[in-house]
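Asker: Just passing along the structure, written as structure tokens.
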Amino acid sequence: MQGWRINMEDAHTHILSLPEDKSCAFLAVYDGHGGAKVAQHSCKHLHTRIANQQEFKQGNIETAIRKGYIEFDREMALDEEMREDLAGTTAICVVIKDDKLYCGNVGDSRAIASINGNVEMLSTDHKPNNEDERKRITAAGGWVEFNRVNGNLALSRALGDFIFKRNTDKQPEEQVVTAAPDVVVKTMNDDWEFILLACDGIWDVLSNEEVLKFVRTRVAQQMPPEMVSHDFIYFFLA
Numbered sequence: 228m229q230g231w232r233i234n235m236e237d238a239h240t241h242i243l244s245l246p247e248d249k250s251c252a253f254l255a256v257y258d259g260h261g262g263a264k265v266a267q268h269s270c271k272h273l274h275t276r277i278a279n280q281q282e283f284k285q286g287n288i289e290t291a292i293r294k295g296y297i298e299f300d301r302e303m304a305l306d307e308e309m310r311e312d313l314a315g316t317t318a319i320c321v322v323i324k325d326d327k328l329y330c331g332n333v334g335d336s337r338a339i340a341s342i343n344g345n346v347e348m349l350s351t352d353h354k355p356n357n358e359d360e361r362k363r364i365t366a367a368g369g370w371v372e373f374n375r376v377n378g379n380l381a382l383s384r385a386l387g388d389f390i391f392k393r394n395t396d397k398q399p400e401e402q403v404v405t406a407a408p409d410v411v412v413k414t415m416n417d418d419w420e421f422i423l424l425a426c427d428g429i430w431d432v433l434s435n436e437e438v439l440k441f442v443r444t445r446v447a448q449q450m451p452p453e454m455v456s457h458d459f460i461y462f463f464l465a
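Heads up: the sequence shown begins at 228 in my numbering, then just goes up one per residue.
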């Protein structure tokens with residue numbers, strides 16, 4: 228959804244059956260900044276890069292997500308046009324196969340699950356003031372000022388943002404801003420009611436519990452997902 232901004236820099240992917248593995252679903256939210264190019268490119272191609280990993284084909288989806296993010300970011304960095312672009316994006320994805328859920332994340336978009344009416348966190352926000360994030364930033368030659376990387380970027384991991392990934396002495400995982408994702412793996416059962424992915428425009432305003440309550444009330448009324456989203460947009464913008 229688009230709020231009050233003039234330019235829309237966000238994108239999302241929802242594929243209920245991946246071409247590479249019909250038994251897998253892939254969902255993702257990309258919150259772009261500095262332009263829409265990286266978010267739009269990621270929306271179209273990241274899932275393919277992950278699904279084409281050899282580890283994915285072998286059933287090691289966690290490793291496939293980790294490698295897929297890094298390789299995809301490296302490919303963009305090698306592209307002359309993409310490399311010089313100042314844009315970047317968060318990238319939170321969920322892969323579902325059988326009873327397993329895999330959530331990969333860079334940035335401050337967030338995923339939660341409702342389990343028997345309780346919030347289950349599926350991701351951790353990557354903020355520069357987090358101690359581990361700050362250590363990596365400073366070790367790579369950056370700094371944190373006003374809770375921003377080099378006083379500029381409000382998140383500490385992202386796809387793109389190549390101006391923060393130019394330390395030739397550091398691996399991709401060690402850069403000031405890295406595209407290396409955290410990956411959370413969960414086993415789902417009948418207590419799982421729904422999952423929700425959203426960018427920080429939601430989470431900066433509403434708590435996890437408020438979002439869960441809003442959605443769960445409407446799911447209990449057997450409201451179609453499209454209508455729940457419609458209601459949520461107007462509730463949020465009111």
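Don't be surprised by glycine CBs; every beta carbon is placed ideally from N, CA and C.
Just so we're clear, the structure is a prediction, and the values are computed from it rather than from any experiment.
Can you tell me where the alpha helix (DSSP H) holding glutamate 453 begins and where it ends?
Answerer: The sequence position of residue 453 within the sequence shown is 226, counting from 1. Counting along the chain, the alpha helix (DSSP H) containing glutamate 453 begins and ends at 452-464.
Asker: Taking the beta strand (DSSP E) that methionine 348 belongs to, which residues open and close that run?
Answerer: As a position in the sequence shown, residue 348 is number 121, starting the count at 1. 345-348 is the extent of the beta strand (DSSP E) around methionine 348.
Asker: Could I get the ranges of all uninterrupted beta strand (DSSP E) runs contained in the region 230-299, with 3 residues as the minimum, in chain order?
Answerer: Complete beta strand (DSSP E) runs here, min 3: 237-242 and 251-260.
Asker: What is the DSSP secondary structure of tryptophan 419, reduced to helix, strand or coil?
Answerer: Here residue 419 refers to the residue found at position 192 of the sequence shown. Of the three classes helix, strand and coil, the one that applies to tryptophan 419 here is strand, per DSSP.
Asker: Taking all protein chains shown into account, do 16 or more other C-beta atoms lie within 10 angstroms of the C-beta of phenylalanine 373, making it buried, or fewer, making it exposed?
Answerer: Against the sequence shown, residue 373 aligns to sequence position 146. Exposed.
Asker: Return the residue from the list Ser336, Ala367, Asn416 and Phe299 that minimises the CA-CA distance to threonine 395.
Answerer: Taking the sequence shown and counting its residues from 1, the one referred to as residue 395 is at position 168. For threonine 395, the nearest C-alpha among the options comes from Ala367.
Asker: Tell me which residue opens and which closes the beta strand (DSSP E) that asparagine 332 is part of.
Answerer: Numbered from 1 along the sequence shown, position 105 holds the residue referred to as residue 332. Annotation for asparagine 332: the continuous beta strand (DSSP E) segment containing it runs 327-333.
Asker: Taking the straight line between their C-alpha atoms, what separation do you get for lysine 327 and aspartate 248?
Answerer: Walking along the sequence shown from the start, residue 327 turns up at place 100. Walking along the sequence shown from the start, residue 248 turns up at place 21. Going from the Cα of lysine 327 to the Cα of aspartate 248 covers about 14 Å.
Asker: Could you have a look at threonine 444 and say whether DSSP puts it in helix, strand or coil?
Answerer: Taking the sequence shown and counting its residues from 1, the one referred to as residue 444 is at position 217. Threonine 444: helix per DSSP, three-state reduction.
Asker: Does the contact criterion of 3 or more C-beta pairs under 8 Å hold for the region 287-305 versus the region 351-370?
Answerer: no
Asker: Where arginine 310 and valine 442 are concerned, what is the direct C-alpha to C-alpha distance, given to the nearest angstrom?
Answerer: What you label residue 310 is simply residue 83 of the sequence shown in a count that begins at 1. What you label residue 442 is simply residue 215 of the sequence shown in a count that begins at 1. So the two alpha carbons sit approximately 39 Å from each other.
Asker: Is it buried or exposed, methionine 303, if we count other Cβ atoms within 10 angstroms and call 16 or more buried?
Answerer: For the purposes of this step, residue 303 is taken as the residue at position 76 of the sequence shown. That one is buried.
Asker: Work out the CA separation of aspartate 237 and proline 375 for me, nearest whole Å.
Answerer: To locate residue 375, count along the sequence shown from 1; it is residue 148. To locate residue 237, count along the sequence shown from 1; it is residue 10. Residue identity check: residue 375 is arginine in the sequence provided, not proline. If I take the Cα positions, the gap works out to 20 Å.
Asker: From which residue to which residue does the beta strand (DSSP E) around threonine 414 run?
Answerer: Numbered from 1 along the sequence shown, position 187 holds the residue referred to as residue 414. Its beta strand (DSSP E) spans residues 409-414.
Asker: Assuming asparagine 377 contacts glycine 369 under a Cβ cut-off of 8 Å, what Cβ separation, rounded to an integer in Å, is found between them?
Answerer: For the purposes of this step, residue 377 is identified with residue 150 of the sequence shown, where counting begins at 1. For the purposes of this step, residue 369 is identified with residue 142 of the sequence shown, where counting begins at 1. With a Cβ gap of about 5 Å, asparagine 377 and glycine 369 count as contacting.
Asker: So, do the region 354-362 and the region 317-332 have three or more beta carbon pairs nearer to each other than 8 Å?
Answerer: no
Asker: Residues bridged to lysine 324 by DSSP?
Answerer: Within the sequence shown, residue 324 is the residue found at index 97, counting from 1. BP columns for lysine 324 point to Cys251 and Lys327.
Asker: Could you tell me whether the region 327-347 touches the region 305-319, using the rule of 3 or more Cβ pairs below 8 Å?
Answerer: Counting Cβ pairs under 8 Å, three or more are found: they touch.
Asker: What are the residues that DSSP puts in a beta bridge with leucine 424?
Answerer: For this step, residue 424 is matched to residue 197 along the sequence shown. For leucine 424, which the question treats as bridged, DSSP gives the partners Ala338.
Asker: What is the DSSP secondary structure of valine 438, reduced to helix, strand or coil?
Answerer: As a working mapping, residue 438 is identified with position 211 in the sequence shown. It is helical.
Asker: Counting only the same chain and skipping the five closest in sequence on each side, list residues whose C-beta sits under 6 Å from that of methionine 228.
Answerer: Residue mapping note: residue 228 aligns to position 1 of the sequence shown, counting from 1. Unreliable placement is indicated for methionine 228, whose pLDDT of 46 sits below 50; no coordinate value is reported for it.
Asker: Would you call alanine 447 buried or exposed, if buried means 16 or more other Cβ atoms sit within 10 Å of its Cβ?
Answerer: Here residue 447 corresponds to residue number 220 of the sequence shown, with the count starting at 1. Classification of alanine 447: exposed, given that the 10 Å Cβ count is below 16.
Asker: So the candidates are Arg293, Asp417, His272 and Lys271; which of them puts its Cα closest to the Cα of glutamine 281?
Answerer: Numbered from its first residue, the sequence shown carries residue 281 at position 54. Nearest of Arg293, Asp417, His272 and Lys271 to glutamine 281, Cα basis: Arg293.
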